[in-house]
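Taken in order, the sequence shown gives residues 48 to 202; the numbers are from our numbering. To start, the structure itself, in structure tokens.
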Amino acid sequence: MDTIRIGMMGFGQIGRHLYKLALQDERFEVVAISDIGRPEILQHLLDVTMGHTGEVQLKDNYLVSDNQRTRLMSTDHPNEIPWDMFDVDVVVDATGRFRSAEELEPHLGNGAGRVFTSALPEGEIDRVVLYGVNHDQVSADDRIKIGRASCRERV
């Protein structure tokens, strides 16, 4: 199986936990992260999230671990991110700001094959995916999806 190349927009709590999980699974590689925060602060928050292991270091604008090297970018909108330069398969928009298909479409236009959003959508999207409920029904034709829901949100 080929490694799934992931791009992330938003490196808050959800983004950091996804990054941590990707480090632990060789099927996934986070190749680029876009966030408005300064790289030093993002690395510090990641270190806190990971329990101060020191496993991931900041070198220039890259998060570097034993098995991954991830480019950090400072952008504010999906249309500013060149996902095609990083050859990403999937983008996870974990900002919570962009919730409609129209707002998420620029990720696809800039080279992402698919987009998952961590927030509940506004309007119509291809599919709402809830692990354990319908995760096995994802279609190859789905391009914009929501990939989670919490107990505080109604689907």
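The beta carbon of each residue, even a glycine, is placed where N, CA and C say it ideally should be.
Tell me where the alpha helix (DSSP H) around I61 begins and ends.
Start at 1 with the first residue of the sequence shown, and residue 61 comes out as number 14. Judged by DSSP secondary structure, I61 falls within the alpha helix (DSSP H) whose first and last residues are 60-70.
Please name the residue, chosen from R52, M120, L68, that lies closest to V78 on a Cα-to-Cα basis.
For the purposes of this step, residue 78 is taken as residue 31 along the sequence shown, with counting starting at 1. When each option's Cα is compared against that of V78, the closest is R52.
Taking the C-alpha atoms as reference points, what is the distance between H64 and D140?
As a working note, residue 64 is residue 17 in the sequence shown. As a working note, residue 140 is residue 93 in the sequence shown. For H64 and D140, the distance between alpha carbons rounds to 13 angstroms.
In the DSSP assignment, what are the bridge partners of Y109?
As a working mapping, residue 109 is identified with position 62 in the sequence shown. Paired residue(s): K106, R118.
So, P153 versus L119, is the Cβ gap smaller than 9 angstroms?
The count along the sequence shown starts at 1 and reaches residue 153 at position 106. The count along the sequence shown starts at 1 and reaches residue 119 at position 72. No, Cβ-Cβ distance for P153 and L119 is not below 9 angstroms.
Sorted by chain position, which residues of the same chain lie with C-beta nearer than 8 angstroms to D188's C-beta, five sequence neighbours on each side aside?
Taking the sequence shown and counting its residues from 1, the one referred to as residue 188 is at position 141. Here the set comprises D173.
Give the DSSP-derived three-state secondary structure of D188 in the structure shown.
Taking the sequence shown and counting its residues from 1, one reaches residue 188 at position 141. Coil at D188, not helix or strand.
Checking 9 angstroms against the spacing of the C-beta atoms, do A159 and D123 come in under that value?
Against the sequence shown, residue 159 aligns to sequence position 112. Against the sequence shown, residue 123 aligns to sequence position 76. Cβ distance not < 9 angstroms, so A159 and D123 don't count as in contact.
Using C-beta distances below 6 angstroms, list every residue in its chain close to I12, excluding the 5 sequence neighbours before and after it, in chain order.
Look at the range of the chain in this structure, 48 to 202, and you will see that residue 12 is not part of it.
With C-beta atoms as the reference, is Y66 less than 9 angstroms away from L93?
Here residue 66 is taken as the residue at index 19 of the sequence shown, counted from 1. Here residue 93 is taken as the residue at index 46 of the sequence shown, counted from 1. Yes.
For E200, I'd like the list of residues in its chain whose CB is within less than 6 angstroms of its CB, leaving aside the five on either flank, ordered along the chain.
Taking the sequence shown and counting its residues from 1, the one referred to as residue 200 is at position 153. Legend: pLDDT at E200 = 45, less than 50; position of this residue unreliable, value from coordinates given subsequently. Around E200: L167.
Does the Cβ-Cβ distance between G179 and S147 come in under 9 angstroms?
As a working mapping, residue 179 is identified with position 132 in the sequence shown. As a working mapping, residue 147 is identified with position 100 in the sequence shown. In this structure, S147 does not lie closer than 9 angstroms to G179 by Cβ.
In chain order, what residues of the same chain lie with their CB nearer than 7 angstroms to the CB of I41, ignoring the 5 residues before and after it?
Residue 41 lies beyond the stretch modelled for the chain, which goes from 48 to 202, so this question has no answer here.
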